[in-house]
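Below you'll find the structure, written out as structure tokens, and then a few comments.
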Amino acid sequence: MAGERIYIFDTTLRDGEQAPGASLSVQEKIEVAHQLVRLGVDIIEAGFPVSSPGDFDSVKQIARRVKGATICGLARSLNKDIDAAAAALAPAKRKRIHVFLATSKIHMKYKLKKAEAEIIKIAQAAVKYARRFCNDIEFSPEDASRTEREFLFRVIEEVIDAGATTVNIPDTVGYAQPGEFGELIRAICNNVPNISRAIISVHCHNDLGLAVANSLGAIKNGARQVECTVNGIGERAGNAALEELVLSLNTRKEFFEGKTTGIDTKQIYKTSRLVSKLTGFVVAPNKAIVGGNAFRHESGIHQDGVLKKRQTYEIIRPEDVGFYGEGLVLGKHSGRHALIERLKLLGFKLNKQQLENAFGRFKKLADKKKEIFEEDLISIVEEQMKELPRVWAIKSFKFCGGTQINPQATVCLGKKNKAYEATSYGDGPVDACYRAIEKITKIRAKLIDYSIQAITSGKDALGEVNIKLKVAKQEISGRAASTDIIEASVKAYLNVINRFLFKTKAARRIRL
Ligand code: KIV
Ligand code: ZN
């Protein structure tokens, strides 16, 4: 059944990155943008160029380097914002300027202090001005779901006449209900005379947990573009989750009359891992599609059912989203070729050096751990693919502690072929190691978040540590895995320190 094409507008790097504590470096944003292209999104909203020099630079770098999707930049309905967006997007082969202006009574009265007539004039002028720079213009009447219907229809009609090619209907505060939001989209189709000249998009927030449901309701009623983020990250409770939208359309094809997207679902799990690693937002085990438990069956009745006929309790095949479960894949005696083949299947493309390093790490892990699962391989390769130059690297550490002993750690770190050692006490072995590292690097950092998870089952499972530190007023996340949880903790900490040093250097470069 070949139905209409639904465009996926990914705003992980703009609305997603607005989530408190999610800040990414330019390098990291480029890495995510490349992965979004592999995932098959149609439009990448790369940032809000006027908001900071860093955002401007990220949009510009993505526009220059990332091919295969339309690159979009956000702007308020102000010429200076549109100028910044146009300048940042200039190198892109396919570009879009996304202009927005609030239209609800509450926003117009208290935030903008403007009357309806003035709002229409500003919106028209902004769209016309943006059209000077490119033909692909999106307009969003912010807080559309709380806007007076008749006024909303008028705004939409005027911006389409002014040259908007996409009109995006945001449920900015996540207030709408699925039936109601779908009905709003239908009403727009029926009441805006020139609506056939634009694509209707929706942008739903998750304050009541309804972002995906509202977006799907809108698709059923005529929306042809959905705005979403990987893992549903975003302002407050987040945005509609890309993976949930796409899998709903794919799983319930008939219900959605065969509407399709260009997403390669096999890239979903990998993209989710990357975004989680770089933002430091751990995916909840029960999160649909990409959570650790999404494909695990605990109850005996369910396990029995799945063994007899998978579809009894499984509506999605894990491998369709690039999740290969815990199947044993490689062991101590597996060679380079087996590793390359398995990595290919997982969707990783490594250069020769990265492969060599990954193989070395694989062999080391195989010495410690009898069975290597696919999640272990993903973790190895993710470490390998970190594009950050390592300023500080771990050489060795030791610690002692116990019920009657004050925990003490000695850590030795390497920097530019020199070794540095320090000893410190702490509340526990991890704290003692972190204090020793602080002594060596002389970088003061406050631990805000620390979590540890077993990547696979078994006593010898890799432990994955996710941490967030506050360094010089910035919240930075790090992740590392090892069969030894203290080693994983030390590596995650160094990951943050190296990221901080890299970010500081990049920030200096932008200011120059
Ligand atoms: O939530 C919102 O209204 C937005 C707009 C800028 C589209 O993010
Ligand atoms: Zn938003």
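Position one of the sequence shown corresponds to residue 1000 (the numbering used here), numbered consecutively onward. Glycine included, every Cβ here is placed at the ideal spot set by N, Cα and C.
- Have a look at L1012 and N1405 and give me their C-alpha separation to the nearest angstrom. The count along the sequence shown starts at 1 and reaches residue 1012 at position 13. The count along the sequence shown starts at 1 and reaches residue 1405 at position 406. One C-alpha to the other measures close to 44 Å.
- Task: Using 7 Å as the cut-off, classify the Cβ of F1499 as near or not near the heavy atoms of the ligand KIV, replying yes or no.
- Result: Along the sequence shown, one-based indexing puts residue 1499 at 500. No, the beta carbon of F1499 sits no closer than 7 Å to any heavy atom of the ligand KIV.
- Message: Between the alpha carbons of I1061 and V1201, how many angstroms are there, rounded?
- Response: The residue given as residue 1061 occupies position 62 in the sequence shown. The residue given as residue 1201 occupies position 202 in the sequence shown. Cα to Cα, I1061 sits roughly 24 Å from V1201.
- Message: Need the endpoints of the beta strand (DSSP E) that Q1473 sits in, please.
- Response: The residue labelled residue 1473 in the question sits at position 474 within the sequence shown. Where Q1473 is concerned, the enclosing beta strand (DSSP E) stretches over 1473-1481.
- Message: Can you find the residues in the same chain that come closer than 6 Å, C-beta to C-beta, to G1015, ignoring five residues on each side of it along the sequence?
- Response: Residue mapping note: residue 1015 aligns to position 16 of the sequence shown, counting from 1. The residues are T1228, I1232, G1233.
- Counting pairs of beta carbons, one from the segment 1172-1189 and one from the segment 1136-1153, are three or more of them closer than 8 Å? yes
- Query: Between the C-alpha atoms of S1076 and D1170, what's the straight-line distance to the nearest angstrom?
  - Reply: Within the sequence shown, residue 1076 is the residue found at index 77, counting from 1. Within the sequence shown, residue 1170 is the residue found at index 171, counting from 1. Computed Cα separation, rounded: 19 Å.
- Query: Considering only residues of the same chain and omitting the five flanking positions on each side of L1364, which have a CB-CB separation below 8 Å?
  - Reply: By 1-based counting over the sequence shown, the position of residue 1364 is 365. Closer than 8 Å at the Cβ level, and outside the excluded window around L1364, lie I1371, D1375, I1379, L1461, T1482.
- Sufficient close CB pairs (3 or more, under 8 Å) joining the segment 1296-1304 to the segment 1065-1074: no
- Is the distance from the Cβ of L1338 to the Cβ of I1377 below 8 Å? Locating residue 1338 in the sequence shown gives position 339, counting from the first residue. Locating residue 1377 in the sequence shown gives position 378, counting from the first residue. No, the Cβ-Cβ distance between L1338 and I1377 is not below 8 Å.
- Task: With hydrogens ignored, establish whether the beta-carbon of H1202 is closer than 7 Å to any heavy atom of the ligand KIV.
- Result: For the purposes of this step, residue 1202 is taken as the residue at position 203 of the sequence shown. It does: the Cβ of H1202 is within 7 Å (strictly closer) of some heavy atom of the ligand KIV.
- Could you tell me the boundaries of the alpha helix (DSSP H) in which Q1123 lies? Reading the sequence shown from its first residue, position 124 is the one you call residue 1123. Run containing Q1123: 1115-1130, per the alpha helix (DSSP H) assignment.
- Item | Residues that C1170 bridges to, as DSSP identifies them | Residue numbering aside, residue 1170 sits at position 171 when the sequence shown is read from its first letter. A quick correction: the sequence has Asp, not Cys, at residue 1170. DSSP, once it has assigned bridges, lists C1203 as partnering D1170.
- Using the Cα positions of R1295 and P1317, report the straight-line distance between them to the nearest angstrom. For this step, residue 1295 is matched to residue 296 along the sequence shown. For this step, residue 1317 is matched to residue 318 along the sequence shown. Computed Cα separation, rounded: 10 Å.
- Start and end residues, beta strand (DSSP E) containing G1401: Taking the first residue of the sequence shown as 1, we reach residue 1401 at position 402. 1392-1401 is the extent of the beta strand (DSSP E) around G1401.
- Task: Quick one: grab the DSSP three-state call for K1467.
- Result: Translated into the one-based positions of the sequence shown, residue 1467 becomes position 468. K1467: strand per DSSP, three-state reduction.
- Message: Give me the residue from E1253, G1413, A1240, D1426 with the minimum Cα distance to Q941.
- Response: Only positions 1000 to 1511 of the chain appear in this structure, which leaves residue 941 out of reach.
- Report the partner residues of I1070 according to the DSSP bridge assignment. As a first step, residue 1070 must be located in the sequence shown, where it is residue number 71. I1043, K1094.
- Item | Residue from V1172, N1167, N1078, T1270 whose Cα sits closest to the Cα of R1130 | Counting from one through the sequence shown, the residue named residue 1130 turns up at place 131. The option with the nearest alpha carbon to R1130 is N1078.
- Message: Once DSSP output is grouped into helix, strand and coil, what is the label at E1157?
- Response: Along the sequence shown, one-based indexing puts residue 1157 at 158. In the structure shown, E1157 sits in a helix (DSSP, three-state: H, G or I).
- Message: Would I1168 and A1197 qualify as a contact pair, given that the criterion is a beta-carbon distance under 8 Å?
- Response: As a position in the sequence shown, residue 1168 is number 169, starting the count at 1. As a position in the sequence shown, residue 1197 is number 198, starting the count at 1. No, these two residues do not count as a Cβ contact at 8 Å.
- Task: Please report how far the alpha carbon of G1181 lies from the alpha carbon of I1451, in whole angstroms.
- Result: Your numbering for residue 1181 matches position 182 in the sequence shown. Your numbering for residue 1451 matches position 452 in the sequence shown. The alpha-carbon atoms of G1181 and I1451 are separated by roughly 41 Å.
- Item | As assigned by DSSP and simplified to three states, the class of I1454 | Taking the first residue of the sequence shown as 1, we reach residue 1454 at position 455. Reduced to three states, the DSSP call for I1454 is coil.
- Task: Pick out whichever of R1360, R1478, E1486, E1242 has its Cα sitting closest to the Cα of D1430.
- Result: Mapped onto the sequence shown, residue 1430 falls at position 431. Closest option to D1430, Cα to Cα, is E1486.
- When you compare only the Cα positions, how much space is there between D1135 and A1163? Numbered from its first residue, the sequence shown carries residue 1135 at position 136. Numbered from its first residue, the sequence shown carries residue 1163 at position 164. Approximately 7 Å between the Cα atoms of the pair.
- Name the two residues that bound the continuous alpha helix (DSSP H) containing T1011. Here residue 1011 refers to the residue found at position 12 when the sequence shown is read from its first residue. Here T1011 belongs to no alpha helix (DSSP H), and DSSP marks it neither H nor E.
- Query: Opposite C1227 in the DSSP bridges: which residues?
  - Reply: Here the question's residue 1227 lines up with position 228 in the sequence shown. Beta-bridge pairing links C1227 to D1009.
- Item | Counterpart residues of E1370 in DSSP-defined beta bridges | Here residue 1370 refers to the residue found at position 371 when the sequence shown is read from its first residue. DSSP lists G1330 as partners of E1370.
- Does the separation of the CB atoms of I1118 and I1096 fall below 8 Å? If you number the sequence shown from 1, residue 1118 lands on position 119. If you number the sequence shown from 1, residue 1096 lands on position 97. Contact flag unset, no.
- Task: Excluding the 5 residues preceding and the 5 following S1103 in the sequence, name in chain order all residues of the same chain whose CB lies nearer than 7 Å to its CB.
- Result: The residue given as residue 1103 occupies position 104 in the sequence shown. Taken in chain order, the residues that qualify are D1142, R1145, T1146.
- Item | Residues near K1127 in its chain [Cβ-Cβ closer than 8 Å; skip 5 each side] | As a working mapping, residue 1127 is identified with position 128 in the sequence shown. Hits under 8 Å: A1161, G1162.
- Task: Give me the Cβ distance between A1444 and K1469, rounded to the nearest whole Å; I'm assuming they're in contact under 8 Å.
- Result: Along the sequence shown, one-based indexing puts residue 1444 at 445. Along the sequence shown, one-based indexing puts residue 1469 at 470. That pair is a contact at about 7 Å.
- Could you tell me which of A1239, G1173, P1140 sits nearest to H1106, measuring between CA atoms? Here residue 1106 is taken as the residue at index 107 of the sequence shown, counted from 1. Measuring from the Cα of H1106, the nearest candidate turns out to be P1140.
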